[in-house]
Amino acid sequence: MSGKNKTYNRKKVVVLFFFYMAAFLLLSVRLVDLMIFQSAYYTDRAQQLHERERSIKAARGRILDRNGVVLADNKTVCTISVIHSQLEDSEEVISFLCEKLELSEEFVRKRVEKVSSMERIRSNVPKELGDEIREADLPGVKVDEDYKRYYPYDALASKVLGFTGGDNQGIIGLEVIYDEYLSGEEGMILTLTDAAGIELEAASEHRKEPVPGNDLVVSLDYNIQSYATQLAKQVMATKEADRVSLIVMNPQNGEIMAMVDVPEFNLNEPYTLTPEYEALRAKEEARRQAAIEAKRAQSENAGEEPAKEETKSEEELRQEKLNGMWRNGCINDTYEPGSTFKVITAAAALETGCVTLSDTFSCPGFIVVDDRKIRCHKVGGHGAEDFTKGICNSCNPVFVTLGLRVGAERYYDCLKQFGLLERTGVDLPGEAGTIMHRKDAIGNVELATMSFGQSFQITPLQLATTVSSLVNGGRRITPHLAVRAVDEKGVSVESFEKEAGRQIVSAETSETMRGLLEKVVSEGGGSKAQIEGYRIGGKTATSQTLPRGSGRYIASFVGFSPADDPQVLALVVIHSPQGTYYGGQIAAPVIRQLFENVLPYLEK
Amino acid sequence: MATRFRTVQGGARQSNKEETYFDYSLLFTVLFLIAFGLMMIYSSSSYRANLDYNDSAHFLKNQLRSALLGIAAMIVVSRIPYHFWERLAFPAYIVSAVLIVLVKTPLGITSHGATRWLKILGFSLQPAEVAKLGMVIFLAFLVCRMGKRIRTWKGLFTLMIPPAIIGVMVWKITQNMSSAIIILGIAMLMIFVASPDYKRFIIMAAVGSAAVALIVFSIVKMASSPEMMEKLEFRGLRILAWLNPEAYADGKGFQTLQALYAIGSGGIFGKGLGESLQKLGFLPEAQNDMIFSIICEELGLFGGIAVIIMFLMLIWRLMIIANNAPDLYGALLVVGVMGHIAVQVILNIAVVTNTIPNTGISLPFISYGGSSVMFLLIEIGITLSVAKGIRLKDL
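Residue numbers (our numbering), protein chains in the order written: chain A, 1 to 604; chain B, 605 to 999.
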């Protein structure tokens, strides 16, 4: 076996070497491509794989009233957890936590003895208790601080402020509309984990600090809101009414100073149905059952099958009840305004030149429109009266006459011009729209009933806003609550002030309206709203609850002061009062009591 | 870097006695690679080893033991004149074949879903590694015996039959296609060097490349129709995962994609030794076939290229030794070893960078694996023995 290592063998070895070298070179090029040009892509992908995010809640901005009273705040609460791997004496931890947190031993033991990286024992623990547990310094027990929304005045302005959910998000009210200002930005802790998801202790943490939300300053006045709530509750109790809505606003710029819709609910426990609301539900349910009974009796007579009732699950029913409890009657529901709407008819007639103050009318106690006989509330009739007297008497035939004079076309255009057909644009969620006839469907009968505030529906806030606009010199205002957003240092971030909008009636008409409405209080149906030493304008209303014939009424009163230069306007709507139900009798005194306190308070 | 160390025997008494040559460059390169490999095995396996075996040095200890045994074997083999292996040519071939068959007996160990190991006297042994060494020893002998007949097609094919048999055995019996490819590769490279011809090899390479291209093309074609897709075996899926690893991220593309994340996230300078995140359970076989991606992640492009340069240097030393070997037999032994190392390095790096479809090939001297490092060191021992035969006056 000799075989010489020949030249061609050597050459081939060299060829092979260069072949290998070429392959190495190609692979190096591939490495350069991967590690330089595609590095960013793969680094990013790898990062996503390795990182775990833990969020840090941002403190939600507070809600302050016009004077700086905190209406919605944050409370520090604690979450108590156990880190299994750090436990030293689990028996001690179990007995300690049982005692402090008032939990059953079985419950705590199960969690403490569970082998997991971190087990939560209890959240929303008050800070003082959390501090106590932290000070005990038991190995393996972890106390984390967290924010919880807190409303210092429980039910005050509950339907306006709204509340937040578990993720710090607004659920209803201002908390929803101004969520982006209030919520702030969550912080983040980025930690690295291994493939099993275990956090690496040695790895450095990337931390992004949370940005606290902005405070929201609103036009509500804590004192006025409290007093208005008290009055609403009082009238609801004495008149055994279903609900009472009360709005206090500045008619010049649309700022809402108080918005009450009793029964309210506790913002700190928004998911607990209040006894007041349960009672209201029961009342409504009883009425509904009675109506069904009546219908059934009817249909049995007619030999019809009674309609099957839909059955709702417990959960659906509960949610429906909660939604009902959270409803803000001032903006979410509509009603027939009744006589307060005569303010609008009067303004429309004046603005279109269909009436002057010296016009005289005659009321025999009814008026015939086409084939219908529309009655005045005074059976015997008001007799001969001028326009001023007509409005003081709230005389239906006078306003039907005015409506017919204006005519359907122009009347509808006026409503449109007054802004009544659109939503007010208030900064609260779920505002209901106006329910109105179509323009071409307004016949004389419809026009007649509309003239004194029937056969259509608007929200209480729409009425308050429109009356405000008619008496403030004639400029349409946008009702609103938010004034400005303020950052943590108190610097204004954004202003929500609203300029008065377009002119909807002339200044003269507006002035005439103020004079007329002042007369209503000083000489007419609104006399119970009169206060010595103050000039007050207003209009009463008593309307039947739909469907008619239920024997239930809505009493309301809209008033403003000073009558020559209105600075405050208030509307109260009392649903289903028992006993006397006339607006002039029961609603006007509410506004009087309110103004007796609010007017001197606002002068200060 | 090509400093040659000479052991000058006899000192001042320079005589007719020939100076003997010892290739220290080769030795140090190999020792460096082994030491570097041990470091990287520890780095890439300690986290998992601590979780799985409660001993962060579990893999390091195993590998260290094999490396020390291998170095001892290398020293012994390097002292044996290489012509000794001529006598073992046929036994080596037969032992290789027998060991492969033994895998099917109760001696075989199943791991990672394939039966590729034998447990003999408490040692686990991979017959494919024995077969690689066996093929080098056997084929070098066979080529020398064949003499000029190698110049004919017939001679060429005759030479190819024994490697083909072993290759098919490794592939079919131990389900280890990558080792089969390496064994055939080693054989082809040795035959290429032994034959004065180029044309035939170019034809064979062209036919082979065309066949590979055809297979890849037909698999891609098959994948476009759903019913054919079901018939694709996992090797077919590997091809598809190679072409688009992100589409197969949960299956065949997973390991490749994890390796790419590791390499790509290393960047130019790497995350620093020990700082790999992909080794924390994300990248399967981090200390084994995929160790190069951890090297890249921790030591960056510079680390990766430095390893490639070390291997290039190793191969360059082997070329020098092969071309200065006293006879064709010695040269062919070294060419076989050179082919073995070069093919594995190229294929391993190509796999982790997703340049070729994923297949289990370890990185010589660095990857975890006792049989591999021991037999590689024995091959280096043979090479050192050939190098000793170099007469310095020939240089």
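Every residue gets a Cβ at the ideal spot worked out from N, C-alpha and C, and that includes glycine.
- Closer than 8 Å at the C-beta level to chain A, one finds these residues of the segment 868 to 889 of chain B: Gly868, Ser869, Gly870, Gly871, Ile872, Leu881, Gln882, Leu884, Gly885, Phe886.
- In this chain, the alpha helix (DSSP H) harbouring Thr43 of chain A covers 39 to 50.
- Residue pairing from DSSP places Phe727 of chain B in a beta bridge opposite B:Ile724.
- One Cα belongs to Glu518 of chain A, the other to Phe341 of chain A, and the distance between them is close to 16 Å.
- Proximity of the segment 439 to 446 of chain A to the segment 408 to 425 of chain A meets the contact definition, three or more beta-carbon pairs being nearer than 8 Å.
- Closest option to Val707 of chain B, judged by alpha-carbon separation, among B:Trp721, B:Ser715, B:Phe694: B:Trp721.
- Of all residues in the segment 901 to 925 of chain B, only Gly904, Leu905, Gly908, Ile909, Ile912, Phe915, Leu916, Ile919, Trp920, Met923 place a beta-carbon less than 8 Å from a beta-carbon of chain A.
- Interface flag for Thr43 of chain A against chain B is set, since a Cβ pair is found closer than 7 Å.
- Residue environment: Pro577 of chain A is assigned as buried (16 or more neighbouring CB atoms within 10 Å of its CB, all protein chains considered).
- Note on geometry: alpha-carbon atoms of Asp144 of chain A and Glu99 of chain A lie some 19 Å from one another.
- When A:Val244, A:Ser219, A:Asp146 are compared, the shortest CA-CA separation from Val77 of chain A is found for A:Asp146.
- Between the alpha carbons of Glu175 of chain A and Gly162 of chain A lies a distance of about 5 Å.
- Taken in chain order, the members of the segment 16 to 43 of chain A whose beta-carbon sits within less than 7 Å of a beta-carbon on chain B are Leu16, Phe17, Tyr20, Met21, Ala23, Phe24, Leu27, Ser28, Arg30, Leu31, Val32, Leu34, Met35, Ile36, Gln38, Ser39, Tyr41, Tyr42, Thr43.
- Residues of the segment 141 to 173 of chain A whose Cβ lies closer than 8 Å to any Cβ of chain B: none.
- Nearest C-alpha to Thr512 of chain A among A:Ala258, A:Asn472, A:Lys142: A:Asn472.
- For the options A:Trp326, A:Ser219, A:Gly474, A:Lys159, the alpha carbon positioned closest to that of Val69 of chain A is the one of A:Ser219.
- Along the segment 725 to 755 of chain B, going in chain order, the ones with a CB nearer than 9 Å to a CB of chain A are Phe745, Val747, Cys748, Arg749, Gly751.
- The three-state secondary structure of His662 of chain B, taken from DSSP, is helix.
- Sequence-distant partners of Asp261 of chain A (beyond 5 residues in either direction) whose C-beta falls short of 6 Å from its own C-beta, in its chain, are Lys159, Ser245, Asn328, Gly329, Cys330.
- In the three-state reduction of the DSSP assignment, Ala570 of chain A falls in the strand class.
- In the DSSP assignment, the residues bridged to His575 of chain A are A:Arg243, A:Ile554.
- By the 16-neighbour rule on beta-carbons within 10 angstroms, Val941 of chain B is buried.
- Under the 7 Å criterion on CB atoms, Val797 of chain B is classed as interfacial with respect to chain A.
- Residues of chain A whose Cβ lies closer than 8 Å to the Cβ of Val939 of chain B are, in chain order, Val13, Leu16.
- Asn124 of chain A carries a strand assignment under DSSP once its states are collapsed to helix, strand and coil.
- Spatial neighbours of His50 of chain A in its own chain (CB-CB distance under 6 Å, excluding positions within 5 residues in sequence) are listed in chain order as Leu192.
- Around the Cβ of Glu488 of chain A, a 10 Å sphere holds fewer than 16 other Cβ atoms; the residue is exposed.
- In the structure shown, Ser81 of chain A adopts extended strand secondary structure according to DSSP, grouped into three states.
- Contact residues of the segment 969 to 994 of chain B toward chain A are absent (C-beta to C-beta distance below 8 Å).
- With a threshold of 7 Å between beta carbons, Leu847 of chain B makes no contact with chain A.
- A residue is called buried once 16 or more other Cβ atoms fall within 10 Å of its Cβ, and Ser829 of chain B, having fewer, is exposed.
- The DSSP-derived three-state label of Lys803 of chain B is helix.
- Cβ contact annotation for Gln47 of chain A (same chain, cutoff 7 Å, sequence separation greater than five): none.
- Interface with chain A (7 Å Cβ-Cβ cutoff): Pro800 of chain B is included.
- Distance from the CA atom of Ile795 of chain B to the CA atom of Ala639 of chain B, rounded to whole angstroms, is 33 Å.
- Taking 7 Å as the cut-off, the Cβ atoms of Asn74 of chain A and Ala59 of chain A count as close.
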